[in-house]
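The numbering of the sequence shown is this note's numbering, which starts it at 2 and goes up by one. No residue lacks a Cβ here, since even glycine has one placed at the ideal position from N, Cα and C. Nothing here was measured: the structure is a model prediction, and the numbers come from that model.
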Amino acid sequence: MKVAAVVLPLAGIAVWMFMSRQTAKGFEEYVNNTRSVQTFRLADGSEVSLNRGSRLTVRKDGGREAWLEGEAFFTIQGIPHGRS
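Dropping the structure here:
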């Protein structure tokens, strides 16, 4: 029990540091810590409305890869001509 009390917080800190490092290296993070829905405009012009307590992580390089924790509603912009 004592070992778990020490290991679990350390594991949580390690995961948080890893995720923070990933966000700083090529990812952008949107977090809604308010009590209502919050809308963000993404770099490609799309919009995302995050429910309270939700988090969205997207690639900074313009790729359309994203990770969502929680609930969101997306309004996606079309891909400009010449891009695939």
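Report the three-state DSSP secondary structure of residue i (helix, strand or coil).
{"i": "Leu-43", "result": "coil"}
Which one or two residues does DSSP pair with residue i in a beta bridge?
{"i": "Leu-57", "result": "Tyr-31 and Leu-69"}
{"i": "Leu-51", "result": "Gln-39 and Ala-73"}
Using 8 angstroms for Cβ pairs, my map puts residue i next to residue j. What's the rounded Cβ distance?
{"i": "Val-32", "j": "Arg-65", "result": "Val-32 to Arg-65, Cβ: 20 angstroms. No contact."}
For a quick check, are the C-beta atoms of residue i and residue j less than 7 angstroms apart?
{"i": "Thr-76", "j": "Glu-48", "result": "yes"}
{"i": "Ala-67", "j": "Leu-51", "result": "no"}
{"i": "Lys-61", "j": "Gly-27", "result": "yes"}
{"i": "Phe-71", "j": "Gly-54", "result": "The sequence given here has Gly at residue 71, not Phe. Closer than 7 angstroms, so yes."}
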